[in-house]
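**Q** Protein chains in written order, with my numbering: chain A, 5 to 373; chain B, 5 to 373; chain C, 5 to 373; chain D, 5 to 373. I am attaching a structure below and will ask some questions about it afterwards.
Number of protein chains: 4
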Amino acid sequence: MPDASPAKWHLAHTAWFFETFVVVPTIPRYRPYDAAFKMLFNSYYNGVGDRHPRPQRGLLSRPSLDDVLAYRAHVDAAMHACCEVAMRDPSLAALIELGLNHEQQHQELILTDLLHLFSHNPTRPAIRPADVAARRQAAQRTWIACPAGIAHVGHAGDGFAFDNEGPRHRVWLEAFELASHPVTNGDYCAFIDDGGYRRPDLWLSLGWDTTVAQRWEAPLYWEREREQWRCFTLQGMRDVDPDEPLAHVSYFEADAYARWAGARLPTEFEWEAIARRVRVDDAQPATDSLPDAFGDVWEWTSSSYAPYPGFRPAAGAVGEYNGKFMCNQYVLRGASVATPRGHSRVTYRNFFPPDARWQWSGMRLARGK
Amino acid sequence: MPDASPAKWHLAHTAWFFETFVVVPTIPRYRPYDAAFKMLFNSYYNGVGDRHPRPQRGLLSRPSLDDVLAYRAHVDAAMHACCEVAMRDPSLAALIELGLNHEQQHQELILTDLLHLFSHNPTRPAIRPADVAARRQAAQRTWIACPAGIAHVGHAGDGFAFDNEGPRHRVWLEAFELASHPVTNGDYCAFIDDGGYRRPDLWLSLGWDTTVAQRWEAPLYWEREREQWRCFTLQGMRDVDPDEPLAHVSYFEADAYARWAGARLPTEFEWEAIARRVRVDDAQPATDSLPDAFGDVWEWTSSSYAPYPGFRPAAGAVGEYNGKFMCNQYVLRGASVATPRGHSRVTYRNFFPPDARWQWSGMRLARGK
Amino acid sequence: MPDASPAKWHLAHTAWFFETFVVVPTIPRYRPYDAAFKMLFNSYYNGVGDRHPRPQRGLLSRPSLDDVLAYRAHVDAAMHACCEVAMRDPSLAALIELGLNHEQQHQELILTDLLHLFSHNPTRPAIRPADVAARRQAAQRTWIACPAGIAHVGHAGDGFAFDNEGPRHRVWLEAFELASHPVTNGDYCAFIDDGGYRRPDLWLSLGWDTTVAQRWEAPLYWEREREQWRCFTLQGMRDVDPDEPLAHVSYFEADAYARWAGARLPTEFEWEAIARRVRVDDAQPATDSLPDAFGDVWEWTSSSYAPYPGFRPAAGAVGEYNGKFMCNQYVLRGASVATPRGHSRVTYRNFFPPDARWQWSGMRLARGK
Amino acid sequence: MPDASPAKWHLAHTAWFFETFVVVPTIPRYRPYDAAFKMLFNSYYNGVGDRHPRPQRGLLSRPSLDDVLAYRAHVDAAMHACCEVAMRDPSLAALIELGLNHEQQHQELILTDLLHLFSHNPTRPAIRPADVAARRQAAQRTWIACPAGIAHVGHAGDGFAFDNEGPRHRVWLEAFELASHPVTNGDYCAFIDDGGYRRPDLWLSLGWDTTVAQRWEAPLYWEREREQWRCFTLQGMRDVDPDEPLAHVSYFEADAYARWAGARLPTEFEWEAIARRVRVDDAQPATDSLPDAFGDVWEWTSSSYAPYPGFRPAAGAVGEYNGKFMCNQYVLRGASVATPRGHSRVTYRNFFPPDARWQWSGMRLARGK
């Protein structure tokens, strides 16, 4: 699967990011660890130069993991000096903060990509030991209402945010309701049992074509074992827990489920309006407004990933981070079990193509208008 | 090209639409012209049943053109009775009006598809005689300003509109300016000459990948003949006229041009807000607000094709007309040289995937915010 | 299906062949009917120049059928003069004879391609009226023995033959037996009923992969209608006649059937050795040696299409006729219902890729050694 | 590249072969090392059961190399007991010998696949240290003549041979000559310089299509560095040595070169007839008849890989070893630098599809008849 990369590549790439955007421009006498790494570990920055093709990342048996760890140590050492400079240079400090947030994103991708890799191994390896955490309790579910009016969305202020979260601007929202909890596995089983995957009238045209071509019958990693749905997870194969939030569905499946349930997906602005309701500080998630919004699954919204009014990508190659992907992708809000704590926020915009299932992606319903 | 269909198919399909959605439900004793046509000429209505695969439409050497014309005459005859009934049945009248608008859409597709077919014929046939119309005069171009505020968009009232044009609702627009005229061939040549097709920094990531994979170097139908750009048109090969509106570019190319020009594409609501400024009647285009908005090229907007708040598709198969395509497509506004007169309006939303070039699609610029 | 061409294209191409290889080199003042036809109707002769891509032949709505018939008449007229010259010029006479045989090949392809085209039309048009010919009688089937020894194979002498049929040469044949009659539909049904299409152990690896990927369950054009196999033919849909020779199977299916039957396919030299046994004149098929060898189905042999020792293609573009296809194709011997009478002969080598099913291709068994 | 497998997979697969075909049927109390390995390391034996898809072998990060080495040790231990039994059981001894020869084949594939993997790594790792061996000396090249007559080909006698090398049988050979030495890099450079890759008249149709689609301009691993051809080898990048035998060309390139040189490829029987001329013992290569036949490159022949008269694959899954691949592949004779010493013999038939370039494959010329 060309979208998944080996863990070793993620480790090297995050060091590459610091080396390329922070160390090299800051430390004149810096000796790059290996000249070839500039191309090997460049993900997609045209402004930096050529890059090793994405689908071939799995072929890189060299450098070894030891080499990559040595690379990271080499860059870390240089970063100490950069941090010193950054104490007096706010724009450098901002770049370093960007690099840290970039690394957090790759920490999540290491997990999504490992799970995907291991799912192709018939021995079904587990990455984590099975935990004996209490089973999730079924939540009392309600609808949270929001009246029509102008909403202020997007990031403003001092805390870190990616460029795509701004500028802060106004939108008009019609009256709507948002579910208090994400859709659960049990909810979704009812959709499957009702023939959801066999009724084209429930699906977007592109979604139906994809479902048929890919032979989807259930979320990614689910398998039917006699009467029970089982699921491959970081702890290996487990029974599907009906009270857990649904994960590993595409935008297409989320949209079809919502249609089946007589509801819809929220827009990203509806989500944000509810999520920030109680809290005004951007950097802290408003957990009490939206239960489970920042710890289980990224939640698909119906919003196509597009620039906010006045959006300007940063100058230079770093400006290639987000803006050029604003086409044919859909915004997800919240955070997942695999997201580093504190990484997300109410204005955070994740995005993936509508057929992506290998992220911890689920949904919550909205309705009326 | 699987998106283009033979003219004969369009003729049969438009008759099929009336037969399936109007005649059969209205005239109990109606004898279908041919039982096989239900499947042969169904475009994409799952609610109607199986259909002949789209990419194979060109293989249908039978029925013959004479058969199809006889089919149309057969359906026309039955339609007379339906129109009688419709005089007393407003919902049937609405269906007939939908069928007429549907036929107008296929009238335009007949032309786009014929042009595409003939472009693959090395003999370069012309569909229309070369016209000796006066050459377009370069227009005086300005920017039309619009202050921030709430705009009312979408169709309301008695005139016909497709379901995707409603409901009428409010949006917040930040201050912006819209170009008084569409981008011309001459404008676009400057982009080409400045290496526009060779600079990845100007393109969306998906657009750059597409441009490289498809080897695009100019709009569709353009060919370089020594120092002159030539273009294949309904009148055969002609020199590209620098003062004519640019046509046959994809969303990707429109977006890249706008970025190169230090501007952007308007959202569909910005376009509509200006276009309706002087006129309040939905059914009439506000030609004096937006010169050339309804006669040359459909204009790409940056808006992904999505449902308006409260959008409900019609019940039954006819509800499959528009809603299920609201994914990975971009909205175009206006009308083109190939659009039947009176077919479009300020709220009309055309839509195509971002790589589509075989429509008469161009653009006009917007800027700031 | 890119291998099939419209009938109109075949008609134009066969005229093109005479115009290009006979008329133009012979008649100095000859005016080509249309300069574009040189490229439009060139099939694959690199020595002649560019050609219109094969998979796009179906897009050529122009020239019209009337144009093509006029083209044929134009070339025919010039051919009269060429025939006059040929009376005194043996090499020109040979070229004309090649053109006639070429046309005969396309007469067969017109039928195979029309059948294929119509099979994609849900209305199942028939090209010929259903004939009331007597049902085939089950034949008394035996094995024809041939002792080990040297066989003389290949064409020699005055009659016409394609270049790939020569030179005449010697081969050593071990003792073997050849079936007196081709495999019938009834024979093949036993293979299907025994799960032949579900047992990978019966198939070549490439054949099994193809069968699975293409979802083959029966020969091309066969459909199961309750308990009966039905088949699409030039006369429309008909019940499969168990006593008729099996047709429209690939080399893979022929090979798997033979393995299932505890036998094998003959080599082309084994086939020729038996077929020529009684008759020594190359130009006449030895019908009494090999019943049904020249009227029902082309018979797959196990011989990969390769050059005979000493094979030299003709000089010039005409030498591209056969030799360059000698790779990854298998030889078929005999002739089929669609082959013009007198076209084939005992040394005639037809050839197709092992997955081709749209020809009238079947088989007869061989065994031991 | 789906045909190449990781070295770890080869190590596991060769142990799997012994475990599956020798140990399990022989030692009743044998405990398989890991139940999942039956499916993980089965290459293509349908008779054994399901298998992990070939193109996904590179995704198997588990089991680890240590696990695989432990697996090999476990199987080795059991093999001791099997060898004891084999001392009294000739058919078991034959199976063990088959397993040893199978392992030798994978020893060669480990090298071909590693070279291919490393060629995709921009750091160009070397597997072996650069050797300071003397440069190859240009050989005195002649033609070895062979008169027409019956040749006895194929293996007979006591020594080991794969099933596809038999039965021994007779073929008729017309008079021919075979080059005394393989084609060298210098020879092939003349073909390249003469525009060999740009002249369709030199190529088989399928070869020309492949060359154009794949953009071949030189053998695999060759790169142009200003005026010098350089080549990626097991010792890293090196200058191309004009006197070394040409390697890493496809059948298509070999065939085109031969045509350009006014010669042809030998059939496998012509090759064998010369190679065995002096020696009558099958198990020893006749090195003095055919210089360089068993140590540099596998040599493409013009023979499609087909069964010998009377060929019977072994019963059971082991019979799937060779026979089912006898379609669309071409035979190579000899041995290469990567072939374990003593593995090949005059009757040994290697085989690959005509577009394969990642083996050490070259050629020697033949001519007349």
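Note that CB positions come from ideal geometry on N, CA and C, so glycine has one too. None of these values were measured; they are calculated from a predicted model.
(1) Just mark B:Ala19 as buried or exposed, buried being the case when its beta carbon has 16 or more other beta carbons within 10 Å.
(2) Could you tell me whether the Cβ of D:Ser9 comes closer than 8 Å to any Cβ of chain C?
(3) If A:Phe355 sits next to A:Tyr325, beta carbons under 8 Å apart, how far is it from one beta carbon to the other, in whole angstroms?
(4) Check whether the region 58-70 of chain A touches the region 6-13 of chain A, taking contact to mean three or more Cβ pairs, one atom from each stretch, closer than 8 Å.
(5) Just to confirm the assignment, what range does the beta strand (DSSP E) spanning D:Gln2 have?
(6) Following the continuous alpha helix (DSSP H) through B:Tyr255, name the residue where it begins and the one where it ends.
(7) So which residues of chain B does C:Asn189 contact, with C-beta pairs closer than 9 Å?
(8) For B:Met83, does the three-state DSSP call read helix, strand or coil?
(9) Give me the DSSP bridge partner(s) of D:Thr188.
(10) Report the three-state DSSP secondary structure of D:Arg283 (helix, strand or coil).
(11) On a Cα-Cα basis, can you pick out the residue from B:Asp54, B:Tyr192 and B:Met83 that is closest to B:Val244?
(12) Note down, in chain order, every chain A residue with its Cβ under 7 Å from the Cβ of B:Phe329.
(13) Whose C-alpha, out of B:Asp70, B:Val350 and B:Arg345, is nearest the C-alpha of B:Arg281?
(14) So who's on the other strand from A:Val335, going by DSSP bridges?
(15) How about C:Pro270: is its C-beta nearer than 8 Å to some C-beta of chain D?
(16) Using a C-beta cutoff of 8 Å, does D:Asp205 count as contacting chain C?
(17) For B:Thr127, which residues in chain C fall below 8 Å Cβ to Cβ?
(18) For D:Val376, does the three-state DSSP call read helix, strand or coil?
(19) Considering only DSSP beta bridges, list what C:Arg371 is partnered with.
(20) What's the gap between the Cα of B:Phe315 and the Cα of D:Lys12?
(21) Based on the DSSP secondary-structure assignment, which residues constitute the bridge partners of A:Val157?
(22) Looking only at C-alpha atoms, which of B:Ala222, B:Ala183 and B:Gly211 sits nearest to B:Ala194?
(23) Can you list the alpha helix (DSSP H) stretches of 4 or more residues lying completely in the region 30-55 of chain B, in chain order?
(24) Could you name the residues of the same chain whose beta carbon sits closer than 6 Å to that of C:Val72, not counting the 5 residues immediately before and after it, in chain order?
(25) Closest to A:Trp264 by C-alpha separation, out of A:Leu369, A:Val52 and A:Ala251, would be which residue?
(26) Using the three-state DSSP reduction, which class does D:Pro289 fall into: helix, strand or coil?
(27) B:Gly62 touches chain C at which residues, Cβ-Cβ below 8 Å?
(28) Please go through the same chain and pick out, in chain order, the residues whose beta-carbon is closer than 7 Å to the beta-carbon of B:Gln232, but skip the five residues on each side of it.
(29) For B:Glu107, does the three-state DSSP call read helix, strand or coil?
(30) Should the region 28-45 of chain C be regarded as contacting the region 69-85 of chain C, the criterion being three or more beta carbon pairs within less than 8 Å?
(31) Please report the distance separating the alpha-carbon of D:Asp54 from that of A:Leu238.
(32) Counting pairs of Cβ atoms below 8 Å between the region 167-186 of chain A and the region 149-156 of chain A, do you hit three or more?
(33) Give me the chain A residues within the contact set of B:Ala310, using Cβ-Cβ distance strictly less than 9 Å, ordered along the chain.
(34) Considering only C-alpha positions, which residue in the set D:Met330, D:Trp226, D:Asn168 and D:Asp247 is nearest to C:Asp259?
(35) Going straight from the alpha carbon of B:Glu107 to that of B:Gly299, what length do you get?
(36) Relative to the alpha-carbon of D:Cys86, which residue among D:Ala134, D:Thr127, D:Val28 and D:Asn46 has its alpha-carbon at the smallest distance?
**A** Taking the structure as given:
(1) buried
(2) no
(3) Not confirmed; about 12 Å, so no contact.
(4) yes
(5) Residue 2 of chain D falls outside the range modelled here, since chain D spans only 5 to 373, and no answer is possible.
(6) Tyr255 to Trp264
(7) Those do not exist, as C:Asn189 stays about 27 Å from chain B at its closest Cβ, beyond 9 Å.
(8) helix
(9) D:Pro249
(10) Model confidence at D:Arg283 stands at a pLDDT of 41, short of 50, so the residue's coordinates are unreliable; what they give is reported in the following sentence. Reduced to three states, the DSSP call for D:Arg283 is coil.
(11) B:Tyr192
(12) Ser209
(13) B:Val350
(14) A:Phe355
(15) no
(16) yes
(17) Asp38, Ala40, Leu44, Arg66 and Pro67
(18) Nothing can be reported for residue 376 of chain D, as the shown portion of chain D is limited to 5 through 373.
(19) C:Glu181
(20) 57 Å
(21) A:His173
(22) B:Ala222
(23) 41-44
(24) Lys12, Leu15 and Ala16
(25) A:Leu369
(26) For D:Pro289, the predicted model reports a pLDDT of 46, less than 50, meaning its position is unreliable; a value from the coordinates is still stated below. If DSSP states are grouped into helix, strand and coil, D:Pro289 belongs with coil.
(27) Gly62 and Leu63
(28) Asp243
(29) helix
(30) yes
(31) 25 Å
(32) yes
(33) Thr271, Ser306, Ser307 and Ser308
(34) D:Met330
(35) 19 Å
(36) D:Val28
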